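Reading through the structure tokens given below for one structure.
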Amino acid sequence: MAADWLGSLVSINCGVTLGVYQGEVSSVDQVSQTISLRQPFHNGIKCPVPEVTFSAMDIKELKILEIRNGSSQVGVVDSGPTSSGHYGRNGRSSGNGVPVSSAPMAVPRKGEPRSREGLTSPQQCSKSYGERHLEAPGQNKGFRRRHNSWSSSSRGPNQATPKKNGLKNGGGAMKNKDDECFGDGMDEGLDTDFDFEGNLALFDKAAVFSQIDTSERRGNGARSRGTPGERTPSRYRHDENILEGKPIVYRQITVPQHGGKEYCTDSGLVVPSVSFELHKRLLSVAERHGLTLERRLEMTGVCASQMALTLLGGPNRLTPKNVHQRPTVALLCGPHVQGAQGVSCGRHLANHEVEVILFLPNFVKMLESITNELMLFSKTGGKQVSSVKDLPDTPVDLVINCLDCHENAFLRDQPWYRAAADWANQNRAPVLSIDPPVSGQEQAVEAKWSLSLGLPLPLAESAGRVYLCDIGVPRQVFQEVGIKYHSPFGCKFVIPLHSA
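Each residue of the sequence shown is one higher than the one before, counting from 1 in UniProt numbering.
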């Protein structure tokens, strides 16, 4: 009866195309000549479906691995429909395509006589990956063994381990020893080559990659082990915080009146420009609270020299191994506060082993701040000239322009100013302008970089790339002039600004 085979474990070989299936018999249909397996394994891998049905014409070979209602048996059935069903090599047909084995069959080792234990022990039958998973829960684990070795408990009473006795054992003893160590009854399976093309055809590469792309688009690239609702909605940068916090406010600086231009930092903070009148009032209030002109000159000189050292190459240029190639900087200064800022910058550069050439025309009377800075600069060993003819004819590494003044535009008509500006434009060195005037005034020297103090002025396009330096104005000083201020500098004293 077909019902007698329900629950048995079988292995069905469907050829090269469909492969080998193993599982538990769930139903046998004599009319349609089909057999169904539940919890099937396909080529050693568990199938995603709970049940698979096979037709008789697709079955090439059927092996009975275990009969649940009886002792463990192994039978083999060849494909080939007849009037009474499928006939097996080691059993008779039951009329429904499933063989009835009259006696258990064991697979002996090569070159080993059949023994009683070999006929009754299921250890002689090798098991595939799927068969090991389909073993009965109550089966004794002692029946399992390694494929590449025999344990002492699995040897029969007549299977003594041959002892090495020189040449007396001959080739037969060594052959038995090899068969005992390496033989596993698998010789018949080694005759069939593995079908790489057939198994590769079972892998649908396009479907797998399509599924991966769909999952990545659904999760926006962020992979998570949680449920789909718990997946991260966006992809984070390496410097972005994944913890939720307060929303970022990018406009943290507001001015009472628009200066005409806005800038932004690398982090996206908006820095508005201010008019020269508001900037002058800010510095005046800061000076009243103790931020004197001398302090401001020192802070400006430090920030400007730090930026200049970076432009000159930084640690790659200023090293003890490179003393024979000291960089040369030409400072062009006028007789005003901006000129004093340039002299302060030149002093710090000279202290850092930079060859500084300071141009400042001779005047009968100069500002006290310029006189003090020149006295300090003279102690550094830097070179000071008062004529453009004394400036080098060859290009220098950097030109620092401090010729312009915010309040006195008539200086541009002076011969020394025009001569210094022409020299800077003809020299092929890049130009850094410190505290340049607003865009309403034409730039006599075209700069590559410009450095503003505290808050930027609306500079012209000829000012080049704009940088901003922190000169130490406290926040409450900004509030006194009507500016809501939050420092955009972060961990730096000089930051680049970009046109918004």
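We treat Cβ as the ideally placed atom computed from N, Cα and C, and that holds for glycine.
What you are looking at is a predicted structure, and each value in this text was computed from that prediction instead of being measured.
Sorted by chain position, which residues of the same chain lie with C-beta nearer than 6 Å to Ile-495's C-beta, five sequence neighbours on each side aside? As a first step, residue 495 is located in the sequence shown; it is residue number 495 there, counting from the start. Closer than 6 Å at Cβ, skipping near neighbours: Thr-265, Leu-468 and Phe-489.
C-alpha gap between Glu-298 and Gly-472, whole angstroms: Counting from 1 along the sequence shown, the entry for residue 298 is found at position 298. Counting from 1 along the sequence shown, the entry for residue 472 is found at position 472. Roughly 11 Å separates the two Cα atoms.
Using three-state DSSP, classify Gln-73 as helix, strand or coil. To locate residue 73, count along the sequence shown from 1; it is residue 73. Unreliable placement is indicated for Gln-73, whose pLDDT of 45 sits below 50; the coordinate value is still reported in the next sentence. DSSP places Gln-73 in coil when its eight states are reduced to three.
Helix, strand or coil, according to DSSP, for His-42 in the structure here? Here residue 42 refers to the residue found at position 42 when the sequence shown is read from its first residue. DSSP places His-42 in strand when its eight states are reduced to three.
DSSP state of Leu-134, grouped into three classes? Here the question's residue 134 lines up with position 134 in the sequence shown. In this predicted model, Leu-134 has a pLDDT of only 45, less than 50, meaning its place in the structure is not dependable enough to derive any value.
Going by DSSP, what residue range makes up the alpha helix (DSSP H) through His-348? Locating residue 348 in the sequence shown gives position 348, counting from the first residue. Run containing His-348: 337-351, per the alpha helix (DSSP H) assignment.
Roughly how far, in whole angstroms, is the beta-carbon of Ala-340 from the beta-carbon of Phe-359, given that I think they are within contact range, below 8 Å? For the purposes of this step, residue 340 is taken as the residue at position 340 of the sequence shown. For the purposes of this step, residue 359 is taken as the residue at position 359 of the sequence shown. With a Cβ gap of about 14 Å, Ala-340 and Phe-359 do not count as contacting.
Assigned secondary structure, Arg-418 (DSSP; H/G/I helix, E/B strand, else coil): In the sequence shown, residue 418 corresponds to position 418, counting from 1. In the structure shown, Arg-418 sits in a helix (DSSP, three-state: H, G or I).
C-alpha distance - Gly-314 paired with Asn-372, whole-angstrom precision: As a position in the sequence shown, residue 314 is number 314, starting the count at 1. As a position in the sequence shown, residue 372 is number 372, starting the count at 1. Cα to Cα, the separation comes out at about 29 Å.
Do you know offhand how far Pro-327's Cα is from Asp-397's? Here residue 327 corresponds to residue number 327 of the sequence shown, with the count starting at 1. Here residue 397 corresponds to residue number 397 of the sequence shown, with the count starting at 1. Near 6 Å, if we compare the C-alpha coordinates of Asp-397 and Pro-327.
Using a Cβ-Cβ cut-off of 6 Å (strictly less than) and excluding sequence neighbours within five positions of Leu-320, which residues of its own chain qualify? For the purposes of this step, residue 320 is taken as residue 320 along the sequence shown, with counting starting at 1. Note on identity: in this sequence residue 320 is Pro, with Leu being the wrong assignment. Nothing meets the Cβ criterion.
Outcome for Trp-428 when other beta-carbon atoms lying within 10 angstroms are tallied against a minimum of 16: Looking up residue 428 in the sequence shown gives position 428. The question names Trp, but residue 428 in the sequence shown is Arg. So Arg-428 counts as exposed.
With 16 as the cutoff for other CB atoms within 10 Å, does Lys-347 come out buried or exposed? Residue mapping note: residue 347 aligns to position 347 of the sequence shown, counting from 1. Note that residue 347 corresponds to Arg in the displayed sequence, not to Lys. Answer is buried; the Cβ neighbour count reaches 16.
For Ser-487, which residues of its own chain have a beta-carbon under 8 Å away from its beta-carbon, when the five flanking residues on both sides are left out? Reading the sequence shown from its first residue, position 487 is the one you call residue 487. Cβ within range, chain order: Asp-470 and Arg-475.
According to DSSP, what are the bridge partners of Val-254? Here residue 254 refers to the residue found at position 254 of the sequence shown. Note that residue 254 is Thr in the sequence shown here, rather than Val. Paired residues: Lys-484.
Nearest-angstrom Cα separation, counted from Met-174 out to Asn-13: As a working note, residue 13 is residue 13 in the sequence shown. As a working note, residue 174 is residue 174 in the sequence shown. Computed Cα separation, rounded: 36 Å.
When we look at the beta-carbon of Lys-421 and count the other beta-carbons within 10 Å, is it buried (16 or more) or exposed? Locating residue 421 in the sequence shown gives position 421, where the first residue counts as 1. In the sequence under discussion, the amino acid at residue 421 is Ala, which differs from the Lys named in the question. Flag for Ala-421 reads buried.
Output the distance between the C-alpha atoms of His-289 and Pro-430, rounded to the nearest integer angstrom. By 1-based counting over the sequence shown, the position of residue 289 is 289. By 1-based counting over the sequence shown, the position of residue 430 is 430. Rounded to the nearest angstrom, the two C-alpha atoms are 37 Å apart.
Whole-number beta carbon distance between Ser-386 and Asn-362, since they are thought to touch under 8 Å: Reading the sequence shown from its first residue, position 362 is the one you call residue 362. Reading the sequence shown from its first residue, position 386 is the one you call residue 386. Right, their Cβ atoms sit about 5 Å apart.
On a CA-only basis, which of Leu-432, Gln-257, Tyr-263 and Pro-335 is nearest Ala-304? Give me that one, please. Numbered from 1 along the sequence shown, position 304 holds the residue referred to as residue 304. It is Leu-432 whose Cα lies nearest to the Cα of Ala-304.
Need the endpoints of the alpha helix (DSSP H) that Ile-370 sits in, please. Position 370 of the sequence shown, counted from the start, is the residue given in the question as residue 370. Looking at the DSSP string, the run of the alpha helix (DSSP H) that includes Ile-370 is 368-378.
If distances are taken between C-alpha atoms only, which option among Leu-65, Asp-29, Gly-23 and Cys-181 comes closest to Val-52? Sequence index remark: in the sequence shown, residue 52 carries index 52 (1-based). Cα-wise, what sits closest to Val-52 is Gly-23.
Would you kindly check if the distance between the Cβ of Gln-33 and the Cβ of Ala-56 is under 8 Å? Here residue 56 refers to the residue found at position 56 when the sequence shown is read from its first residue. Here residue 33 refers to the residue found at position 33 when the sequence shown is read from its first residue. For Ala-56 and Gln-33, yes; Cβs fall inside 8 Å.
Identify which residue in Val-388, Arg-317 and Gly-382 has its Cα closest to the Cα of Ser-344. Counting from 1 along the sequence shown, the entry for residue 344 is found at position 344. Considering only alpha carbons, the answer is Gly-382.
Three-state secondary structure (DSSP) at Arg-295? Position 295 of the sequence shown, counted from the start, is the residue given in the question as residue 295. Note: Arg-295 maps to helix in three-state DSSP.
Rounded distance between the beta-carbons of Val-270 and Ala-463, thought under 8 Å: Taking the first residue of the sequence shown as position 1, residue 463 is located at position 463. Taking the first residue of the sequence shown as position 1, residue 270 is located at position 270. Actually they do not touch by this definition, with Cβ atoms about 19 Å apart.
For Asn-351 versus Thr-394, is the C-beta spacing smaller than 8 Å? As a first step, residue 351 must be located in the sequence shown, where it is residue number 351. As a first step, residue 394 must be located in the sequence shown, where it is residue number 394. Contact: no.
Candidates Tyr-21, Val-274 and Leu-291: closest to Pro-50 by CA position: Numbered from its first residue, the sequence shown carries residue 50 at position 50. It is Tyr-21 whose Cα lies nearest to the Cα of Pro-50.
Could you name the residues of the same chain whose beta carbon sits closer than 6 Å to that of Pro-256, not counting the 5 residues immediately before and after it, in chain order? As a first step, residue 256 must be located in the sequence shown, where it is residue number 256. Around Pro-256: Gly-482.
Would Lys-63 pass as a contact of Val-28 if the rule is Cβ separation under 8 Å? Here residue 63 refers to the residue found at position 63 when the sequence shown is read from its first residue. Here residue 28 refers to the residue found at position 28 when the sequence shown is read from its first residue. No. Outside cutoff.
Beta-carbon within less than 7 Å of Gly-130's beta-carbon, same chain only, minus the 5 sequence neighbours each way: which residues are those? Numbered from its first residue, the sequence shown carries residue 130 at position 130. A caution first: Gly-130 carries a pLDDT of 44, below 50, which makes its placement in the model too unreliable to give a value.
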